[in-house]
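This report concerns only the one structure given below.
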Amino acid sequence: SSSISKLLLICAISGGAHISFSETQSEHSVNSVQTFTDVKKKKKVLVLGTGWAGISFLKNLDVSSFDVQVVSPRNYFAFTPLLPSVTCGTVEARSIVEPIRNIIKKKNGGIQFWEAECIQIDAANKRVVCRSNVDNLLEKAEFLLDYDYLVVAIGAQVNTFNTVGVMEHCHFLKEVEDAQRIRKNVIDCFEKASLPNLSEEEKRTNLHFVIVGGGPTGVEFAAELHDFVQENLVKLYPKVQDLVRITVVHSGDHILNTYDKRISSFAEQKFQRDGIEVKTGCRVVGVSGKTIDIKVKSKGETYSVPYGMVVWSTGTATRPVVRDYMEQIGQTNRHTLATDEWLRVEGCDNVYAVGDCATINQRKVMEDIATIFSIADKDNSGTLTVKEFQDVVDDILVRYPQVNLYLRSKHLHSVADLLNDPQKNERKEVDIEGFKSALSHVDSQMKSLPATAQVAAQQGSYLAACFNRMEESQLKPEGPLRFRESGHHQFRPFQYKHFGQFAPLGGEQTAAELPGDWVSMGHSTQWLWYSVYASKQVSWRTRVLVVSDWTRKFIFGRDSSRI
Ligand code: FAD
């Protein structure tokens, strides 16, 4: 199977090439020569952010129809799934970033980029306030940009849960700079521990690496660090090799608890064999310059452990500019911007939100389903013909395809029986309340979409497709029937397709959860991981750099210079 995976790697790389080629072709065909009057008539689209969602939107947008501007404090796109590999030098930082100007160059001048941070969204006046991070600009640093359509794609920031000392003493793993800092600090810890005048206890403390959070990022970093130590550093620092300790602190009962149970227990067993300590059911309640305070949830006891370095990886929180905007539009008491299924920010015209900063409002699902029912059951009799009932279910499915899975589940088997009834015009007693309560059970199981690159990229390209068809779909709406007004919705709602997820566990082993409940673990899955991540690179340049970094690591090992 490893040779099949190697073959996959080659196919994926050539597959990636095909994608880039076709994208480039379509980009050229849509960018016809524009006259000044054309530009004047175009609607202004303003995109905030150049991460997964923003870039996917821009790459797929037909820029000939809009006047497009992009604002982001960083002038590059970062391939975040490879950030843990940057922390230990498996991959170099520059190999996973693509300059924004390279990406927009392919749009033949159809996009303007401003390296700045949006500091306020003024939805009432349809404009945003931006501030450049470049030094010495003084009063020229701030500027205003107005828009007809705003696409908010500014991601999220780290979440410290207001734990004392985290901001001051912990490392994060969110941005490229974070990964570079971690890389330097790991080497620092080894160099410090090798100094002649430190006691053994002090050396042990310096080489105690604590990772807070047993989610995919924390686990992958722990695995990378373990490999770096075992494959490279023990040979370079032989005197301190037995003093290294890696601890993962996790508040849940199992690490990787959003993955299939088989993956979670495979990871725990592998970490145990590797000597990585996993402390589950524990919360970090404070961090000082020298120790980390850990509370055992079941006993309520707190103890302190000395450390050399702490990496905090416990999820994400809302950025201040989004929080401020949410207050303006009455979306308080939420963690992310609420959108409808068309990714429009609720309560705000012509503003869209995609990626980690937004969540499709699930509570509305039940409201909509209740409305569909009340419209069908006009006389409030609690009875519908089989045909009417079928229309209701079709209407629900077109808006919420996820419900389809549950139509076959035990909660709704009576519905399936009814739908199969050949007497379509016969009026049947439908247990509408029972059906609604079964669906509300379904609703609570329909978790909101995970904050992943996969979701962000799909939302970006969905939104671009809607923008590209904006004019024609106004005349010929392509979405489902409206049930509050007549006619159809302009577009079909956003529908997420899950292609699976990986959890690299070190030692050239990876676990993967693939569509259709497939789970695959071990060395051959690592080759699948290499193939997928090579093919998903945004450009040929980064694809070649990443693959050559992997090859360099196999031949020469990772570099341990502290630069
Ligand atoms: P981001 O990609 O974070 O982009 C946000 C953009 O907004 C950035 O360009 C930022 O500079 C910009 N910005 C920030 N503030 C402002 C402002 N005030 N004004 C204007 N612009 C602003 N997901 C997966 O699917 N698979 C993985 O393997 C995976 N691994 C990960 C590993 C790590 C270490 C991390 C941190 C994340 C990982 N993720 C993974 C999650 C994934 O990276 C995020 O879900 C994804 O980046 C979200 O995309 P986004 O566009 O919403 O936000």
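Letter by letter, the sequence shown follows residues 21 to 583 in UniProt numbering. For each residue, glycine too, the CB sits at the ideal point set by N, CA and C. Fair warning: this is a prediction, and the values are worked out from it, not measured in the lab.
Cut-off 7 Å between Cβ atoms - residues of its own chain near residue i, not counting five sequence neighbours on either side
i      : result
Phe286 : Ala531 and Met541
Ala243 : Pro524, Leu525 and Gly526
Neighbour-count burial assignment, residue i, 16 or more Cβ in a 10 Å radius
i      : result
Trp538 : exposed
Lys430 : Reliability fails at Lys430, whose pLDDT of 49 lies under 50, so the model's placement of it is uncertain and the value that follows must be treated cautiously. The residue is exposed, with fewer than 16 neighbouring Cβ atoms inside 10 Å.
Leu357 : buried
Leu27  : Below a pLDDT of 50, predicted positions are generally treated as unreliable, and Leu27, at 42, falls in that range; no measurement from the model is reported.
Asp273 : exposed
Arg203 : buried
Asp155 : exposed
Tyr323 : exposed
Leu170 : buried
Asn153 : exposed
Trp560 : exposed
Leu404 : buried
Thr70  : buried
Asn226 : buried
Arg563 : buried
Asn400 : exposed
Val316 : exposed
Leu158 : exposed
Cβ shell of residue i (< 6 Å), same chain only, five flanking positions each side left out
i      : result
Gly577 : Asn252
Ser105 : Val111
Asp313 : Val305, Gly306, Thr322 and Ser324
Ala184 : According to the sequence as given, residue 184 is Val; it is not Ala. Only Gly306 meet the Cβ criterion.
Ala113 : Val106, Val196 and Gln200
Ser76  : Ala477, Gly480 and Ser481
Ser162 : For the record, residue 162 in the displayed sequence is Glu; it is not Ser. Result list for Glu162: Arg151, in chain order.
Cutoff 8 Å; reference residue i; Cβ partners in own chain excluding five residues on either side
i      : result
Gly350 : Gly367
Asn381 : Ala358, Thr359, Asp360 and Glu366
Leu215 : none
Lys517 : Gln478
Phe41  : Bear in mind that the predicted position of Phe41 carries a pLDDT of just 29, short of 50, making it unreliable; the figure below should be weighed with that in mind. Cβ within range, chain order: n/a, list empty.
Ala98  : Gly71, Ile116, Val117, Glu195 and Val196
Contact test: residue i Cβ vs the ligand FAD heavy atom, cutoff 6 Å
i          : result
Glu347     : no
Glu118     : no
Glu408     : no
Ile131     : no
Ser555     : no
Thr100     : yes
Glu533     : no
Gln474     : yes
Gly69      : yes
Thr237     : yes
Val196     : no
Arg203     : no
Ile174     : yes
Ala161     : no
residue 20 : Residue numbering for the chain in the displayed model covers 21 to 583; residue 20 lies beyond these limits and cannot be assessed.
Asp399     : no
Pro340     : no
Gly335     : no
Pro93      : yes
For residue i: DSSP bridge partner residues
i      : result
Trp538 : Leu534
Glu297 : Thr267
Gln89  : Leu66 and Gln132
Asp142 : Arg147
Ile207 : Note: Ile207 sits in no beta bridge, so no partner.
Met329 : Phe229
Leu501 : His508
Pro119 : Tyr96
Phe163 : Cys150
Ser324 : Asp313
Beta-carbon gap between residue i and residue j smaller than 7 Å
i      : j      : result
Ser84  : Val566 : no
Glu240 : Pro535 : no
Gln510 : Gly499 : yes
Ala136 : Cys150 : yes
Asp411 : Gly109 : no
Gln92  : Gly238 : Here the sequence assigns Ser to residue 92, which means Gln is not the residue at that position. No; because the gap between Cβ atoms is not below 7 Å, this pair is not in contact.
Gly234 : Val268 : yes
Cys138 : Val341 : yes
His543 : Glu528 : yes
Asn179 : Ala337 : yes
Glu118 : Val552 : no
Gly295 : Cys209 : no
Val249 : Val232 : no
Phe133 : Ile124 : yes
heavy atom of the ligand NAP below 6 Å from residue i C-beta
i      : result
Ile174 : The ligand content of the structure shown is limited to the ligand FAD, which means the ligand NAP is not among them.
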